[in-house]
Every structure is written in C-alpha cells, then in structure tokens.
Amino acid sequence: MVYQGMDLRLERPVAIKVMDPRFSDDVQFLDRFELEARSVAKLSHPSLVAVFDQGTDQHHVFLVMELVPGGTLRELLRERGPMPPYAAAAVARPVLRALSVAHRAGLVHRDIKPENVLISDAGAVKIADFGLVRAVAASGTTSGSMILGTAAYLSPEQVSTGAADARSDVYSMGILLFEMLTGQTPFTGDNSIAIAYQRTSADVPAPSSLIAGVPREFDELVGTATARNPAQRFADAGAMANTLMGVCERLGLPPYRVPVPQSSAQHRTRETLHGLAAARAAAAAARPENAEDGTRQLETPPDDQSVGDEPRTTVLPAQAPAPPVVGLHAGPGEYQDNTPAPHTTRALTQQYPPSPPASPESRATDDDPLDAPRGRRSPLVVLIAVLLIAALVGTAAWWLASGRYVDVPATAGLGLVAAESAIEDAGLTPVRNGLYRDTEPIDTVLGMDPAPGSRVPRGSEVTLDVSLGQPVVPEITGDVTVDEMADVLAERTFEVVVDEGVFDRDRPEGTVVSLAPSPGTVLAVGSRVTVTPSLGEPVIVPDVRGLSAEEARDVLADAGLSVAAVQEDFDGGIDAGRVAQTEPAIGAEVAANGSVSLVVSNAVRVPSVLGRSVSSARDELSGLGFGVEVRQLVNSGSSIVVGQSPSAGSRQRPGGTVTLTALP
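Have a look at this one:
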C-alpha cells in the first residue's frame, strides 16, 4: 500500500510504501530488505526513484521514497495503446540508463514491468521498486498476485532456475519494448505458470509481425534483448542503451516528450479531492450568513424536503468524467497520436422550483403562453432576418474560401526582429529554430518554413531557422551524469568521447568531473569534446605483504574490496604461501567495491645439508624440487658434503639448482 506523506523536517512530499505484514516476522527478509534499501539509496540517477528512508513501525516495514506525481506506463498504454517507435524509444532510453547505473553497482531489478515505470507530470520517466523483488525472493515466501503481475516479463532463466543477473533485466526490457510497440505481451496463457514457461521453449516474435510499420532495427533490438540464451543478449542495460541510441540516430527519430497519463489513479484521486473541496466551499458560500445581497438561501435539509415555499439549492460534488480511451494505434499497422483533451472538473448546481410542477391538465389551457398560437411576423422583421442570414453566409463563405488564409511574407535581407515583425503583421506566429553555424553570425536568418508566398491559415506558425553561431562547451552545473552531459553536447553538435575517468572525492560516481576543451570554449561545429567521468571516492589498497591469502582477503574485505584472483610468482624476500604484491599495487587508488588480485610467493628455502652424505643431501634437495650438482674427487654417494651453494636458509625459485662440494 502506497501513501502520500509529508516530510515535516524538510517540508517535501514523499511516497510511503508499506510492505505486506506477512513478511514482518521473517528475519531473513527484513535483513535482506534493509540491505537492498541501503544499496539502492546509494544509487544516483534522474531516472531512478530515490529512496530517502527505511524502517519498521511495530509490524509494518516501510520505505520512504521520492514522490513522482503523474502516472504509470501501464496507465499510459491503457489510454493510448501501442506507441510509435520514437515514443517507445523515449520511454526505454531513460529506463535503460537508470538500470545501467544499478547494474554497474551489482544490483538487479528483477521486476521490470509497465507498473514500475513512472511518468511524471513534467514528462520525466523513472523506474521504481528497485531491489524489492530480490527481498521478497530471499524470504522464501511467494505470492500468487506477484506471480500474476510479473510472469509476462520473467526471463527464461528466472523461470527455470530462479537465477537472475543484469541480462535478466535486459530480457524484461525487451518484453517491455515489445509491449510498447505492439500493445501486448508476446506470450499469453490461461494462468501465470503457462505464460512463464512458454518463454523457455519459444522465441519472442518480431514486433513487425504483429503490427506493420515497426522498423527492422527495432525487430533486431527486441530479438537480441530477448534471446533465450543469456550469453546472446546484451551484457547489461548500458550495452542495450547504446544500441538503442545508435538505432535512433540511424532512423533519425525525432525527440519526444512522453505524455503523462490523463486518467491515472493519482489524477483521479486529486480531482476527487479538489471536487470535494469545491463542493464544501460552494456549500459554505450558500449559507444565509454568507449572502451578500440579503437574499436568504437555505441548504437542503437532511431529509431532502422543501422548507416552506423557499427554493432549495443543492450543490453536488465535483464530477470528473473519465476521458475517452483513445489509442495511438488507429488500425492494423497504423500509428495515430490522438491525445485526449484534458477533462474539466466543475461543480453542478441544481435549482429546484418552489412548488411541484403543474399537472398536464392544468397546463393545457388557452392562457398558457407556451401553448398559445404564434402571432404573424412583421414583413420588416422577416426582411431583416433574411439579410442577416445572407450576410452571415457570405462572410462564412469568404472566410472559408479566402479570408482565413494569408500569404507567408518574404523576409529576404531582413534581420531577425524585422522578419518576426513582418510575420506577425501578416497574422502569423513566428517561431525560432536555432542552428549552430561556423560562418553565419548569431541571429542571422538562414531560412523559413513554410516558404515565402505559401498560403497558410491565419495564426499558423512560421519557423525561422536562426544561426546560433559557433557552439560553446557548456558549464558543468551540479552533479550531471555522463549521459545527460552527452545529450547536451550532442545538441550543440559536438562529438562526445568518454575517457576512462578519474577518482574524485566530491563528485559521485558516474557524474562529470571535467570537459576537454574546458567549459566556455568556442569550437567549430562537430568538434570533439572529451568527457571525464568520476569513478567516485577512491579506496586505498591496504598493505597485505607477508600475509597469507586468507588473511589478506579479510583485510581487503574490511576496506570494501574483494579478491579477484590469486596467482603465484617468485619473490626472494617472501616465504612461500605469503602475499608478495597486489594488482593494483599496494597504496594505489581503486574504486569502492572494486577487486584486487593477489600475487603469492612460491619461493623455497634451501635447507642445510653440510656434513651429510651426498646421497642423503641429494634426496632431500630433490624432494624440494631442486636440481643437484655435485663436485667431488671420487664419484661416491658416501662422500661428505663440505659446501653448498646457494647457502642454507636462502629463498630460491622452485626447480633451481643447488651445487654441493663433497670429500673425498
């Protein structure tokens, strides 16, 4: 259950999600839920619903999250039906970017579906309920409603083994993109189990097989994302986002602001509350003490009876008629963008008569003006009426034939202000379209659409292409993400190059640290700008030299690092089995939650064999993996060792040679 609340300390509206009480006594669930909430709270992206707080109140586990006023993708699909490719891409792009941030942090959503994609009143697209399904799965408790709600978007490996990684989210995103393009999910069945198991034996069909007009590139995008073998899918959401961006560029898809659902649950609730408030205000205004002209107005008595002969006034609650369901899909293979007009909320006031209506018999009298015969019209009145009608018809004909159209004026040689004035004087509306140019000065008019001399309806928009001059490298304002900065740079015609990044203690991971050339630099159109992202606050690799591999693993874990691999190499200063060095090196900076490889020494200490027989010394040294070379006067195994090289106690490479000197 989700409630709208108010953060009294920071004075901001929030969303409070209260979990099902059945999980309140499950210690494993509570621990995992708290861990997931803490992990998600560390993520930062404009398309991720922020987590502000988490806790338990008696038996109620809750999350306090960012409030997103608007609706869900599910509500938008119900209102409009299938989306054209540019609209589907406008929804998928921010969701994939948000998922890529989570995937880089090692988190998997596991429950991507239209209900979890939120669309704000400002047109922002956000993904919600991160980590929640993982917490439910960890508790060992299942829910029939949850299975029904998510079966259509599960990946084959989630159905068959229950395992999930970033590629499982990619599969769900492929199903979501399929549904946006076609208005339906690819698999159907009588129950959730049947729907879930179909994907283990069948491939997702191409969207164009269900609705004509879907580009081949989108078929390939959906096909790769929903491959049954996870190894054949995109590695993570970031890889899928990059491919989607490339598809949009190749197809030249226009930018699109995702519309908010008009009849969302939030909007209906808000309109109901506003209607009730308006009804109360109207009722209060109708009270006798509020009448300004001294006229008495009586509220309707509780028993709905009249009071004497006074008229009674009833103020009904505000009604919010549901808008018609108008889809983007007009017919087989046709997309039509029909946005329903916003519906209005109005208070209805009904004025009842002071006495019951007369019976039919009493109305049927000669004195009733309604039933009296009509008098003869004056010829002058008839003539005036005919002339007025003729004038109206003539004016309407002129307007429809010629008057409503005007010619687009010529603006060649005019400056921007003069051109806009000429367009306004012609009864048209000028609109600027800025274009970056290397040679034309700022505000130079480059062209116009429609062309001069075109006949267009009065009030139409005339677009003036205006030079913005050469583009300028933008400033870095706040914690802007790499993807957001890339969009800004692309709008200014720059080619974006992202380097490996640097550690920064002030900038969160994934945000922009610097640009090269620096902000404020004026460049030619299409110039290259390098973006340096932040790798977050660094962690210093601790000194684990001389420790065993297990001891080093514990020390690194305390520092927030993990061991990626353990390999052996010779180090004459470290005993065998002890850490000789790390990669990255000890003292180096690495990303939080990063990994370190350990290099363990395989050196072997040379034992002392002085005073022993050659055969005995040879056996011991050979057992340690050394080669043995003997210098003696008589080739005899009973000769006594009087010298050895390398000396006893030194560390040598495995397989090295020890030279013995023996007598006689």
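Per this note's numbering, the sequence shown starts with residue 1051, numbered consecutively. Where a beta carbon is used, it is the ideal one built from N, C-alpha and C, also for glycine. This structure is a prediction, so every number in the text was calculated from the model and none was measured.
- The C-alpha of D1081 is placed about 11 angstroms away from the C-alpha of D1075.
- The continuous beta strand (DSSP E) containing L1496 extends over residues V1495 to D1499.
- In the structure shown, Y1455 adopts extended strand secondary structure according to DSSP, grouped into three states.
- Collapsing the DSSP output to three states places G1693 in a strand.
- Segment contact: the segment 1298 to 1318 against the segment 1136 to 1147, three or more CB-CB distances shorter than 8 angstroms; contact assigned.
- Every alpha helix (DSSP H) of 4 residues or more that sits fully in the segment 1530 to 1616 is shown, in chain order, as 1532 to 1541 and 1599 to 1608.
- When I1624, V1175, G1677 and M1230 are compared, the shortest CA-CA separation from N1652 is found for I1624.
- Its Cα nearest to that of G1288, the residue R1217 stands out among A1328, A1091, I1245 and R1217.
- Around the beta carbon of T1461, a 10 Å sphere encloses 16 or more other beta carbons of the protein chains shown; the residue is thus reported as buried.
- As a beta-bridge residue in DSSP terms, D1057 pairs with R1062.
- Our two residues, P1500 and V1458, have alpha carbons roughly 7 angstroms apart in a direct line.
- Here the segment 1251 to 1267 makes no contact with the segment 1120 to 1127; the two share fewer than three CB pairs at distances below 8 angstroms.
- Apart from sequence neighbours up to five positions away, the residues of its chain that approach L1478 with a beta-carbon distance below 6 angstroms are S1510 and V1512, ordered along the chain.
- Bridge pairing for M1115: A1065 and V1101 [DSSP].
- Distance from the CA atom of H1110 to the CA atom of E1084, rounded to whole angstroms, is 13 angstroms.
- Contact between T1543 and A1566 fails: their C-beta atoms lie close to 17 angstroms from each other, not under 8 angstroms.
- Partner residues in the beta bridge of D1619, as assigned by DSSP, are S1651.
- For V1656, no beta strand (DSSP E) run applies, since DSSP gives it neither H nor E.
- In the displayed model, H1110 falls within a strand according to three-state DSSP.
- Taking C-beta separations shorter than 6 angstroms and ignoring five residues to either side along the sequence, D1669 has no partners in its chain.
- Within the same chain, Cβ atoms closer than 7 angstroms to the Cβ of G1551 are found at T1582, P1583, S1584 and L1585, the five residues on either side in sequence being excluded.
- When DSSP states are grouped into helix, strand and coil, Q1682 belongs to the strand group.
- Around the beta carbon of Y1053, fewer than 16 other beta carbons sit within 10 angstroms, so the residue counts as exposed.
- Scanning its chain for C-beta atoms nearer than 7 angstroms, with the 5 sequence neighbours on each side dropped, one finds around S1150 the residues D1286, A1287, G1288 and A1291, in chain order.
- Pairing A1148 with H1095 gives a Cβ-Cβ distance under 9 angstroms.
- C-alpha of D1556 to C-alpha of S1695: approximately 57 angstroms in a straight line.
- Counting only residues of its own chain and dropping the five nearest sequence neighbours on each side, A1599 has a CB closer than 7 angstroms to the CB of V1616, V1629, L1648 and V1650.
- Residue state for P1206 is assigned as helix, using DSSP reduced to three classes.
- Around the beta carbon of T1276, 16 or more other beta carbons lie within 10 angstroms, which makes this residue buried.
- With a cut-off of 8 angstroms on Cβ pairs, the segment 1674 to 1686 is not in contact with the segment 1638 to 1647, counting fewer than three such pairs.
- According to the DSSP assignment, V1467 belongs to the alpha helix (DSSP H) that extends over L1466 to D1475.
- Annotation: the continuous alpha helix (DSSP H) that includes D1269 extends over R1266 to A1275.
- A residue is called buried when at least 16 other Cβ atoms come within 10 angstroms of its Cβ; D1107 does not meet this threshold and is exposed.
- Under the three-state reduction of DSSP, D1286 is assigned to coil, being neither helix nor strand.
- Remark: C-beta atoms of P1521 and V1572 approach each other more closely than 9 angstroms.
- Cβ neighbours of D1593 within its own chain (closer than 7 angstroms, five residues either side excluded): I1636.
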